[in-house]
Structure formats: structure tokens, C-alpha cells
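>
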Amino acid sequence: VLRDLIDHTLWIDTHEHLVPETTRTNGQPYRFTDAVDGTTTTVPVDWTYLIVDYAINDLVSSGLSAESASELLHGSRTPTEKWDIVAPYFARARNTGFLRAVDVTTEVLFGHCLSTSSVESIDRASRDIRIAGYYDTLLAQAGIERCQVHTIDAAADPIAVPYESNLIDLDLSLYPLVTGCHRRAEQLANIEVAELTDYLDVIDACFERDAARAIAVKCLWAYDRRIAAAAGRASPRAEFRRLRHGLASEQDRRLVGDYFFLHSLARAAQFDLPVKIHVGYLAGNAQRQLPGLAQQITDAGVLAQQHPRNRFVLMHMGWPYQEHMLALAKHLQNVVVDLCWSWILAPASTFDFVRRFLTTVPASKLLCFGGDYITIETVVGHSELARRGLEAALASLLADGWLSIEAAVTAAVMLMRGNAEQVFGTR
Ligand SMILES: [Zn+2]
């Protein structure tokens, strides 16, 4: 009963970074500046698009050199040559959620896992499916009704470039907007920025133009700095001037960022947009903020408590500090927890977290799925892993006698879509 219900209930997918479909169907690799860390991200045309998000990080962690990783994603070798480079590391890392999602994706879409004998055919079949409208086809295949996208293209509009699919809802991206320098947003607002107040006008113009079509605001600050924002005694005018002239210290940038972030929170509250905050583990292999993860969880709690007019969506269950997230969600009315990314990041912890959540926190405060991918294909594998994880967690609560079958069925629908509709509204 439970399996059938979960297989036939459509997700509201609360978090992806999908690039526009046209960048995938034009037969060219797609390069953009990643707002996360300013590096260039490439979505390749060949089969390595499957590993560009996340799987590559576990391959590097298992020993693949940075040069080989770059050769894979940017180089001009044949599909088989690329497989030969990566195969030993696949053997080392194939147990993780990041790689399981790749295997499940290629099994569902193409009937095989990657191997020496299948890599050419997976490569060819991948190119064949990339035709206009294929995003909608794959979203349907992943059992997704609507999908929320946050662009990490640093040069994009704060609310992203056009998406052809009408199944996609868009986040208004607060980063890099809150840094105090966003040429595209300034251009869109048609404001020549000289002083701090000019930049406030840029942010206001952004909300006035985009709030009505945004589903939420999203901030991925955690990759760059602490997510606490202190209200200063005075407006950081001098700091802002230094920043605009390229002379800002770390402290200047911090104060300016705090100021614009707090202003954006006020606007988000005014327009009743939920605030999505990245909390917990960081993607990649060399993020300098990684040692400060514990601080982020504390900061998120402070932020939520200081801004009761804002509704916060704390993402990725804050892994590896997910127990702390239970306390925040239990305690604060304006906090919900989102399991986006979690089912491939730490699958067993996520299974356990759903059990702990449903025995500790009101079920209405948990959002259960976001693939967190720039590539649509891998969303298919992730959504399947999430369905099986949710099924296992609910079945175990059923076996424990904690949930009746009626309660498990109700919870499944809430977690897969009902809660998201409550939090974000329906479009
Ligand atoms: Zn994300």
C-alpha cells in the first residue's frame, strides 16, 4: 500500500539548480561562473554530465587527481578514454549516495549502469534524449509535478533566465545580490550605483519586479561566510564605498553583506516569501568554510529567532548536525526543514532523520525532496532514492507501531507535496 502510494504521488521538488534547457539541447558544453565559489562550471555534452554534480567530488575524495577531474569535465578525450580514467575511482566510491544516484539514473533512463561496455551507448542515448521539451519528459519520469529552481549562474538575473518548462518555479537568488555588487541587477534596475542608498534601491527594484513571480528567496551564503547577520549601529556607508572601489577588507564585506541581507529579509517578509538558507555540509572538495559547519547551525537558529516575521526553510537537514535541526524545527514556529540533497548526501542519516523527525516535530514542518542538481537527468535517480528512503522510514515506524497505516499514508502525502504547497503556496 505504502509503496504504491509513494510511487504514484507526485513530488513538489523544492530545490534544483537546473541550467536552462536550451543550454543542454544546443549540442555545446555549457560554461558559467558558479556563484558558489566563483569558479567556472561546465556541463559537458558527453556522458560526464552525469558526474559533474557531486559524484566527481567523491571520486576526487577517493583519490582522483584534480588534473584528471578537470580533464574529464573539460577535456576532449573520447567517452571510453574518459571512462578508463575514472573507472578505478568508480570502483572505490560506488557505494555512496552521490554515485548510487548516477547508477539509478542510467538504469532507469538507459537500462544500464556505467561500465566499459555501456559507456558508449549511454553517451549516445544521453545525446538523443536532449530535444526541446525533454525537461518536462524527465520531470514526469521522476514523478515530479512542480520543481523549484535556484540559479547558481553568477551572471544570471537574480530571478533566473527564461525556463521553457512551465513546471518550473523560480527562487529569487539573494547571492550575489547581498554582496553589494551585482552588475546584472544594477543594469536591470537601471540604477547607477554610487552610494549605499542607490544599492538599496537596486534590491528594492529587484523585489518589486520579481517577488510576484518568485516562489521563495534563496541564500547560499554558507559557502562564503557565516550566516549570522548583526544589525549595526550605523549604515556602512564608508565600507560600501571601499567595497565598490575594490578596497574592502573582510570586515567591510561582512558589514555590507549583513546590512543588505537584513534589508532583503525585511523585503522577503513584506512580500511573504519563504527564506531558504543553505545549512550544513558544503559541496566540493576544498571549501574553506567546511570547518565552520557547527557555527552555521547556531547562526541559523539565531537568525530564525531574531526574525520572527520571516519564514525560514533550513536546507539539507543541516547534515551532519541534523539532531540540532530537530530542536530548531520543534522549538520555532517559523522554521521548516528541507531534505533537499540529503537522500544522496547521507542516505542512512536521512532515513533515520525522517524517523526522528516524525516522532519529535510536527509532520507539517518537513519538506522531503529536492534533487539539488544542475543536470535534469540525475534528478530521476535522486527522486527514486528519495522515494525508497521515505518508504523505508515510514515502513519502519509502521513496524514499530508508532504510526498506523492511515497515519503513514497521511504523512507520505504531506512530506512529498502537501507541506510544500502549504509553505510555498500553489502556482
Ligand atoms: Zn543547492
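Our numbering applies: residue 3 is where the sequence shown begins, and numbers increase by one.
Ideal Cβ positions, reconstructed from N, Cα and C, are used throughout, including at glycine.
(1) Is the beta carbon of T374 within less than 6 Å of some heavy atom of ligand 1?
(2) If we ignore side chains and look at the alpha-carbon of each, how far apart do I124 and W345 end up?
(3) Straight-line CA distance for C342 to V47?
(4) Give every residue of the same chain whose Cβ lies closer than 6 Å to the Cβ of C221, excluding the five residues on either side of it in the sequence, and list them in chain order.
(5) Give the list of continuous beta strand (DSSP E) stretches no shorter than 3 residues that lie fully inside the segment 76-154.
(6) So, with DSSP's three-state summary, where would you put W343?
(7) Would P310 be called buried (16 or more neighbouring beta carbons within 10 Å of its own) or exposed?
(8) Buried or exposed for T42, going by 16 or more other Cβ atoms inside 10 Å?
(9) Measure the C-alpha to C-alpha separation of E194 and I217 and round it to an integer number of angstroms.
(10) With DSSP as the reference, identify every bridge partner of R33, one or two as the case may be.
(11) Under 7 Å, do A144 and L101 count as touching if we go by C-beta distance?
(12) Going by CA-CA distance only, name the one from S120, L169, Y201 that's closest to L140.
(13) Helix, strand or coil: which one does DSSP assign to C2?
(14) Less than 7 Å between the C-beta atoms of V315 and T107, yes or no?
(15) Could you check where the alpha helix (DSSP H) with S266 kicks off and where it finishes?
(16) Taking the straight line between their C-alpha atoms, what separation do you get for L249 and G420?
Quick answer:
(1) Here the question's residue 374 lines up with position 372 in the sequence shown. The sequence shown places Asp at residue 374, not Thr. Within the cutoff, so yes.
(2) Walking along the sequence shown from the start, residue 124 turns up at place 122. Walking along the sequence shown from the start, residue 345 turns up at place 343. Rounded to whole angstroms, I124 to W345 spans 24 Å at the Cα level.
(3) Taking the sequence shown and counting its residues from 1, one reaches residue 342 at position 340. Taking the sequence shown and counting its residues from 1, one reaches residue 47 at position 45. Spanning the two alpha carbons is a distance of roughly 26 Å.
(4) Here residue 221 is taken as the residue at index 219 of the sequence shown, counted from 1. Contacts found: L176, Y177, I279.
(5) 146-151
(6) Mapped onto the sequence shown, residue 343 falls at position 341. The answer is coil: DSSP assigns W343 none of H, G, I, E or B.
(7) What you label residue 310 is simply residue 308 of the sequence shown in a count that begins at 1. When all chains shown are included, P310 counts as exposed.
(8) As a working note, residue 42 is residue 40 in the sequence shown. Label assigned to T42: exposed.
(9) As a first step, residue 194 must be located in the sequence shown, where it is residue number 192. As a first step, residue 217 must be located in the sequence shown, where it is residue number 215. C-alpha separation (whole angstroms): 28 Å.
(10) Numbered from its first residue, the sequence shown carries residue 33 at position 31. Answer by DSSP bridge pairing, in chain order: T44.
(11) On the sequence shown, position 142 is the one that residue 144 refers to. On the sequence shown, position 99 is the one that residue 101 refers to. Contact flag unset, no.
(12) Counting from one through the sequence shown, the residue named residue 140 turns up at place 138. The shortest Cα separation from L140 among S120, L169, Y201 belongs to L169.
(13) Residue numbering for the chain in the displayed model covers 3 to 429; residue 2 lies beyond these limits and cannot be assessed.
(14) Translated into positions along the sequence shown, residue 315 becomes position 313. Translated into positions along the sequence shown, residue 107 becomes position 105. Against a cut-off of 7 Å, the Cβ pair of T107 and V315 comes out as no contact.
(15) Along the sequence shown, one-based indexing puts residue 266 at 264. Start and end: 252-272.
(16) Taking the sequence shown and counting its residues from 1, one reaches residue 249 at position 247. Taking the sequence shown and counting its residues from 1, one reaches residue 420 at position 418. Whole-angstrom Cα-Cα distance: 48 Å.
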